[in-house]
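See below for the structure under consideration.
Encoded structure:
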């Protein structure tokens, strides 16, 4: 499935292209592409990309902190992420298939970076905003599927 060989329907270009597409889908917050507003589609696209899984207020600081890690640690994270992407030879949602440890690590790194880079008050505000986004997203999904408080 993952290799192009004799008698295979896939080309070498397809072999490379699908991995690049999956990488783009992983890194890009595609939920901003949805217009007109559709809550179900936004929720589905939010949880299937790294910015949505880590959090919009935390993903940038997480990547900055990752860039400042020792070379060995940085490469361990990068190689793990790339290895998971290389497995899929078709359109996939890699963030749902093995990225949980990477997402947890990025959340931790993002919070550590923010704690060191901004004031205590700013840190609390950013964490609160992220939590409000997360709670809003869950509430929106509940509304879409018909779960209402009575």
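Residue numbers (my numbering): 8 to 157.
Just so it is clear, CB atoms sit at the ideal spot from N, CA and C, and this is done for glycine as well.
Values in this document were obtained by computation on a predicted structure and should not be read as measured data.
Express the C-alpha separation of residue j and residue i in angstroms, rounding to a whole number.
i, j, result
"residue 129", "residue 100", "33 Å"
"residue 131", "residue 110", "21 Å"
"residue 138", "residue 62", "9 Å"
"residue 49", "residue 151", "11 Å"
"residue 73", "residue 81", "6 Å"
"residue 59", "residue 71", "17 Å"
"residue 135", "residue 97", "37 Å"
"residue 107", "residue 18", "31 Å"
"residue 113", "residue 66", "7 Å"
"residue 28", "residue 103", "16 Å"
"residue 64", "residue 120", "12 Å"
"residue 20", "residue 68", "34 Å"
"residue 87", "residue 95", "14 Å"
Around the C-beta of residue i, are 16 or more other C-beta atoms found within 10 angstroms, so that it is buried, or is it exposed?
i, result
"residue 45", "exposed"
"residue 115", "exposed"
Consult DSSP for residue i and reduce its assignment to one of helix, strand or coil.
i, result
"residue 106", "coil"
"residue 55", "coil"
"residue 18", "coil"
"residue 125", "coil"
"residue 50", "helix"
If we call anything under 8 Å between Cβ atoms a contact, is residue i one with residue j?
i, j, result
"residue 37", "residue 52", "yes"
"residue 56", "residue 32", "yes"
"residue 92", "residue 30", "yes"
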